[in-house]
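Protein chains: 2
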Amino acid sequence: MTLSVIPVPGIGEVHDGDDLAALILSALHAGDIALRDDDVVVVTHKVVSKAEGSMEAYGSEREYRRIVERESQAVIRRRGDLTISITRQGFICANAGVDRSNVQPGHVVLHPRNPDRSAHGLRQRFEHETGTHLAVIITDTFGRVWRRGLTDVAIGVSGIAPLLDYRGTVDTWDRRLEVTEVAVVDEIAAAADLVMGKADNLPVAIVRGFAWEPGTGRATDLVRPPEEDLFR
Amino acid sequence: MTLSVIPVPGIGEVHDGDDLAALILSALHAGDIALRDDDVVVVTHKVVSKAEGSMEAYGSEREYRRIVERESQAVIRRRGDLTISITRQGFICANAGVDRSNVQPGHVVLHPRNPDRSAHGLRQRFEHETGTHLAVIITDTFGRVWRRGLTDVAIGVSGIAPLLDYRGTVDTWDRRLEVTEVAVVDEIAAAADLVMGKADNLPVAIVRGFAWEPGTGRATDLVRPPEEDLFR
């Protein structure tokens, strides 16, 4: 089945206190995009954080570094200006997700306090207003240890199982698959990023046609626990 | 613009010596899928390796481990059965990409000897036969250091710049973007994996509607050089 990734234009700048669900629903309406059962609504965390007021003013590089430290549970590596740490929410990324792009000058955007809860809130609103059964994924752009370039990943999920488990599945030769768990929500986040761009005001995309598994898992289920981690 | 990810059914089992380009073109024809300018043809490496004879018989676990060592330039970490190493081709992944699933019992599939060259060969054939301008990406399924679950990434590219460079781009507030390079070929690989599945015979997908940049880069450009790597 063909997968479609549909950008949602017209959301515009989001401010502290905005009703993000309403903004997205009205952009969908204006763009003549009707949500359907089993759509995955992918939302970049930045608009979620802005609507929730997870922003902060900072005056200097030192203050910025202090915010990064405060948003970190534990630092994993430092080099120059770069800090790799575990965020309050439990993700491992650069600079604790504290971002200075696409926000008014002198301000940073933090990760949403609880991205799964934010995803859940959006999903409830979308489902209620449209009578559909959906999943919602909130994304950020992360680096990778051994690969250059960034890709989008899921930092909040609602309604969808974050990992697709192939354990017990056999291949065409009846051999057990070596690939056991696919991070489908990260693959969906990556697909959505292809239509979003980085400098454009396209913070939302609909991924349609993927047969996802309903689930109650959290995005932090994707973080490798320390005992499995060979590189922490 | 909406992105489409179109699976190509009907390719069937691929054997040593098969003309893979011809098999894919005939599956496209049978599936009534016409290649268009700017399509990205995504091909899982397994069918490429099989067609090129990058397979090998093995009789025991010890022999399998020996093949993994031989396909490794350098080992980065070991734990139990798992080896993280740099492959001959220069990628960092588990078990040097030596895979026992979806291959006849008693055999392993290796990475193609030169995945960029394989991608280039496919692209030339597709462009020549269809008169279109395309990109080709060859993929494998890799793990991540800090995130559970696997995602597909590019191990061979032709025609497309592997990294989309945002340096010099400004956001809506005229601030330079902090995200400088996006690994678009990995995001395309991830999007394609969503329609391919793992146990199914769907080794090829078309990604249509992404405005990629033409380029002559290689997939190994995505490997972080040792001097940038904080975790090697």
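Protein chains in written order, with the working numbering: chain A, 1 to 232; chain B, 1001 to 1232. Think of the CB as a built atom: it goes at the ideal place given N, C-alpha and C, for glycine as much as any other residue. These figures come from a predicted structure and were not determined experimentally.
Is the separation between the beta-carbon of residue i and that of residue j shorter than 8 Å?
{"i": "A:E213", "j": "B:T1151", "result": "no"}
{"i": "B:R1148", "j": "A:L163", "result": "yes"}
{"i": "B:P1112", "j": "B:H1045", "result": "yes"}
{"i": "B:V1170", "j": "B:R1176", "result": "yes"}
{"i": "A:G156", "j": "A:A211", "result": "no"}
{"i": "B:V1048", "j": "B:L1020", "result": "yes"}
{"i": "A:G159", "j": "A:L134", "result": "yes"}
{"i": "A:S189", "j": "A:V5", "result": "The identity of residue 189 of chain A in the sequence shown is Ala, whereas the question assumes Ser. The answer is no: Cβ separation not under 8 Å."}
{"i": "B:I1033", "j": "B:N1201", "result": "no"}
{"i": "B:R1077", "j": "A:W146", "result": "no"}
{"i": "B:I1137", "j": "B:V1008", "result": "no"}
{"i": "B:D1165", "j": "B:T1180", "result": "yes"}
{"i": "A:H107", "j": "A:E56", "result": "yes"}
{"i": "B:S1072", "j": "B:S1054", "result": "no"}
Per DSSP, what kind of secondary structure is residue i in: helix, strand or coil?
{"i": "A:F210", "result": "coil"}
{"i": "A:E61", "result": "helix"}
{"i": "A:M25", "result": "First, the amino acid is wrong: residue 25 of chain A is Leu here, not Met. Residue state, collapsed to three classes: helix."}
{"i": "B:D1186", "result": "helix"}
{"i": "A:G217", "result": "coil"}
{"i": "B:P1226", "result": "helix"}
{"i": "A:H120", "result": "helix"}
{"i": "A:V75", "result": "strand"}
{"i": "B:T1083", "result": "strand"}
{"i": "A:A312", "result": "Here chain A has residues from 1 to 232 only, and residue 312 of chain A is not among them."}
{"i": "A:H107", "result": "strand"}
{"i": "B:I1067", "result": "helix"}
{"i": "B:R1147", "result": "strand"}
{"i": "B:P1115", "result": "helix"}
{"i": "B:T1139", "result": "strand"}
{"i": "B:D1165", "result": "strand"}
{"i": "A:V153", "result": "strand"}
{"i": "A:M1", "result": "coil"}
{"i": "B:S1101", "result": "coil"}
{"i": "A:V42", "result": "strand"}
{"i": "A:E56", "result": "strand"}
{"i": "A:E129", "result": "helix"}
{"i": "A:V204", "result": "strand"}
{"i": "B:V1195", "result": "helix"}
{"i": "B:V1047", "result": "helix"}
Roughly how many angstroms separate the alpha carbons of residue i and residue j, rounded to a whole number?
{"i": "A:V184", "j": "B:K1198", "result": "12 Å"}
{"i": "B:A1219", "j": "B:D1116", "result": "7 Å"}
{"i": "A:L230", "j": "B:V1040", "result": "35 Å"}
{"i": "A:D3", "j": "B:L1023", "result": "According to the sequence displayed, residue 3 of chain A carries Leu and not Asp. Cα-Cα distance, rounded: 23 Å."}
{"i": "B:A1074", "j": "B:V1068", "result": "11 Å"}
{"i": "A:V109", "j": "A:N102", "result": "9 Å"}
{"i": "B:K945", "j": "A:V14", "result": "With chain B running from 1001 to 1232 in the structure shown, residue 945 of chain B is simply not present."}
{"i": "B:R1070", "j": "B:D1018", "result": "26 Å"}
{"i": "B:G1209", "j": "B:G1059", "result": "46 Å"}
{"i": "B:V1195", "j": "A:M1", "result": "7 Å"}
{"i": "B:T1083", "j": "B:A1094", "result": "6 Å"}
{"i": "B:T1130", "j": "B:T1172", "result": "40 Å"}
{"i": "A:R167", "j": "B:G1143", "result": "16 Å"}
{"i": "A:H128", "j": "A:D221", "result": "27 Å"}
{"i": "A:G31", "j": "A:D193", "result": "19 Å"}
{"i": "B:R1066", "j": "B:N1114", "result": "21 Å"}
{"i": "B:S1026", "j": "B:G1215", "result": "28 Å"}
{"i": "A:E63", "j": "A:D37", "result": "45 Å"}
{"i": "A:D16", "j": "A:P203", "result": "16 Å"}
{"i": "A:D174", "j": "B:P1226", "result": "40 Å"}
{"i": "A:E61", "j": "A:R100", "result": "11 Å"}
{"i": "A:E228", "j": "B:E1228", "result": "24 Å"}
{"i": "A:L28", "j": "B:L1028", "result": "34 Å"}
Kindly give me the distance between the Cβ atoms of residue i and residue j, rounded to whole angstroms, as I take these residues to be in contact under 8 Å.
{"i": "B:T1321", "j": "B:V1153", "result": "Here chain B has residues from 1001 to 1232 only, and residue 1321 of chain B is not among them."}
{"i": "B:G1080", "j": "B:A1161", "result": "That belief does not hold up - the Cβ atoms of B:G1080 and B:A1161 are roughly 38 Å apart, past 8 Å."}
For this session: Would you check if there are 3 or more beta carbon pairs closer than 8 Å linking the segment 1087 to 1098 of chain B to the segment 1121 to 1129 of chain B?
Result: no
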